[in-house]
Amino acid sequence: MASVATVTRALLGKNVLNKCKVVSATSQASIKFYSTASYENIKVEVVGSKKNVGLIQLNRPKALNALCKPLFVELGKAVNDFDADSNIAAIIITGNEKAFAAGADIKEMQNNTYSSNTKQGFLREWEDISNCGKPIIAAVNGFALGGGCELAMLCDIIYAGEKAKFGQPEINIGTIPGAGGTQRLPRYVGKSKAMEIVLTGNFFDAHEAEKMGLVSKVFPVEKLLEETIKLAERIGTHSPLIVKLAKQAVNQAYETTLKSGLQFEKSTFYGTFATVSLIFAFYTPKSLNESSSYITFVTIFYSSELKVLGLHVYLQNSCYLLQHNPIFG
Ligand code: CAA
1366 MASVATVTRA LLGKNVLNKC KVVSATSQAS IKFYSTASYE NIKVEVVGSK
1416 KNVGLIQLNR PKALNALCKP LFVELGKAVN DFDADSNIAA IIITGNEKAF
1466 AAGADIKEMQ NNTYSSNTKQ GFLREWEDIS NCGKPIIAAV NGFALGGGCE
1516 LAMLCDIIYA GEKAKFGQPE INIGTIPGAG GTQRLPRYVG KSKAMEIVLT
1566 GNFFDAHEAE KMGLVSKVFP VEKLLEETIK LAERIGTHSP LIVKLAKQAV
1616 NQAYETTLKS GLQFEKSTFY GTFATVSLIF AFYTPKSLNE SSSYITFVTI
1666 FYSSELKVLG LHVYLQNSCY LLQHNPIFG
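Letter by letter, the sequence shown follows residues 1366 to 1694 in this note's numbering.
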């Protein structure tokens, strides 16, 4: 009978090997699939050393990446495609050094009316971004104004280059933020800051954005994308299912009361124990030393990263937990 260590090594080796095969067999196909030929307003690429990060670059530089409808239709499609692709772990949305996005396209919307907005569901395409199950990271250099700031806030994490400028300047053109600015901003930075930003239309820089909690980290301009890809790759080392559940649980905090949010969290947490992300290895010890001959069965719990989470040791009719990880606390 093999020892626990042998079983563990065999299991680790098998899974790691399988994983490597999958990556190498599919990465080539992914690159071809995400040809940007069909897009006019965005560029799409698969990046990262394991080719598991979907990169979307907004690409209307002459208009400072103003978010016209065709751009948003393309963005929604690219996000949906990456969301549906099991090789992709996380998605990055970025712009260029001058602008992430300078807002909704003012020229496109200047003839809109209340009636046309209502009939056509103006900005309806934006919902594709918030419906994405995978983590989306905004890498913001330059202007993130109006709809640009709102697009960044639709993402799950915002990293910024040190010259980034944020703001909700809609008030300057006689309107208000219309893609979440009045609702998400107060939840992320608090009421007083949000009111100040929305009522003045003033811009604020990356370091202020970081201080108020809107942005999680600030980098030199030229390092931003590299660091954002590293973050996406780090997320990609975890179980995709658990990442999705964790994202849903955090987002629930913005949708509900504390009590129902905690209930949602608890049931999701319990649910993780029923997922295939916990890998079990079973071992019936016959060759352990004499003193442990009353051990009838051992179950080893692995995370999807193949870390040992814990051991169940069955001693005749009793089961004891040897705790290796707080998940079993
Ligand atoms: N929509 C359409 N075009 C835009 C744009 C926008 N939001 N922002 C900039 N552009 C265009 C400009 O018209 C200009 O194009 P042309 O060369 O063809 O005239 C080009 O981008 C470069 O812009 P500037 O010459 O103005 O560049 P700048 O460096 O002098 O100023 C800026 C940069 C401060 C960002 C300035 O362009 C600006 O204030 N833009 C508008 C920002 C804004 O008000 N955003 C909110 C839009 S409303 C909204 O987003 C509603 C919502 O909540 C969904």
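The C-beta atom is built at its ideal place from N, Cα and C for all residues, glycine as well.
- Taking 4 residues as the minimum length, the alpha helix (DSSP H) runs contained wholly in the stretch 1583-1640 are 1589-1600, 1605-1617 and 1623-1637, in order along the chain.
- In the structure shown, the three-state DSSP call for Leu1564 is helix.
- Assignment of beta-bridge partners to Ala1574 by DSSP yields no partner.
- A heavy atom of the ligand CAA is found nearer than 7 angstroms to the CB of Phe1508.
- For Tyr1553, no beta strand (DSSP E) segment is defined; the enclosing uninterrupted segment is the alpha helix (DSSP H) at Gly1546 to Val1554.
- In the DSSP assignment, Glu1410 is bridged to Leu1420.
- When C-alpha distances from Lys1442 are compared across Glu1492, Gly1546 and Ala1611, the shortest belongs to Glu1492.
- Within its own chain, the residues whose Cβ lies closer than 6 angstroms to the Cβ of Thr1633, once the five positions on either side in sequence are excluded, are Leu1610 and Ala1614, listed in chain order.
- DSSP lists Val1418 as the beta-bridge partner residues of Ala1455.
- For the pair Lys1434 and Glu1490, the CB atoms are nearer than the 8 angstroms cut-off.
- Out of Leu1590, Gly1513, Leu1420 and Met1518, the CA that lies nearest to the CA of Gln1548 is found in Met1518.
- Rounded to the nearest angstrom, the Cβ distance from Ala1503 to Cys1520 is 4 angstroms, consistent with a contact under 8 angstroms.
- The beta carbon of Asn1477 sits closer than 7 angstroms to the beta carbons of Phe1487 from its chain, once the five residues preceding and following it are set aside; these are given in chain order.
- Judged by beta-carbon spacing, Ala1571 lies within the 8 angstroms limit of Gly1526, meaning their Cβ atoms are closer than that value.
- Rounded to the nearest angstrom, the gap between the Cα atoms of Ala1431 and Arg1425 is 7 angstroms.
- Comparing alpha carbon positions, the residue from Leu1606, Ala1428 and Ala1469 closest to Ala1639 is Leu1606.
- Burial is judged here by how many other beta carbons sit within 10 angstroms of a residue's own beta carbon; Glu1405 has fewer than 16 and is exposed.
- Taking the Cα of Val1409 as reference, the smallest distance to any Cα among Ala1428, Ile1457, Ala1449 and Ser1480 is reached at Ile1457.
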